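Residue numbers (our numbering): 2 to 63. These notes are about the structure you will find just below.
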Amino acid sequence: VRGGRPSSRAAAIDPSGVATEYEVRVTADFRLVKAGAAGAPVRSGENLEVRSTFPFEGTTSP
Numbered sequence: 002v003r004g005g006r007p008s009s010r011a012a013a014i015d016p017s018g019v020a021t022e023y024e025v026r027v028t029a030d031f032r033l034v035k036a037g038a039a040g041a042p043v044r045s046g047e048n049l050e051v052r053s054t055f056p057f058e059g060t061t062s063p
């Protein structure tokens, strides 16, 4: 696995312009190597992304 690129952003903003929720996203790339029919390696690459939303509390910083 390579990457692990975290990012965050406001996910919900109340009418006064204050963030009430934020989204955290982590993206990583991975490569799977397995033996093919003739024994030669077969490589496949994928991109994995996980997102979660959390309430914004005054002491929480995204």
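Here a beta-carbon is modelled for each residue, glycine too, at the ideal position from N, C-alpha and C. These numbers come from a predicted model, not from an experiment.
The Cβ atoms of Y23 and S8 do not sit closer than 8 Å to each other.
Non-local C-beta neighbours of A12 in its own chain, meaning closer than 7 Å and more than five positions away in sequence, comprise E22, Y23, E24 and T54, ordered along the chain. DSSP places G46 in the uninterrupted beta strand (DSSP E) bounded by P42 to P56. Under DSSP, V25 forms a beta bridge with S9 and S53. F57 counts as buried, since at least 16 other C-beta atoms from the protein chains shown sit within 10 angstroms of its C-beta.
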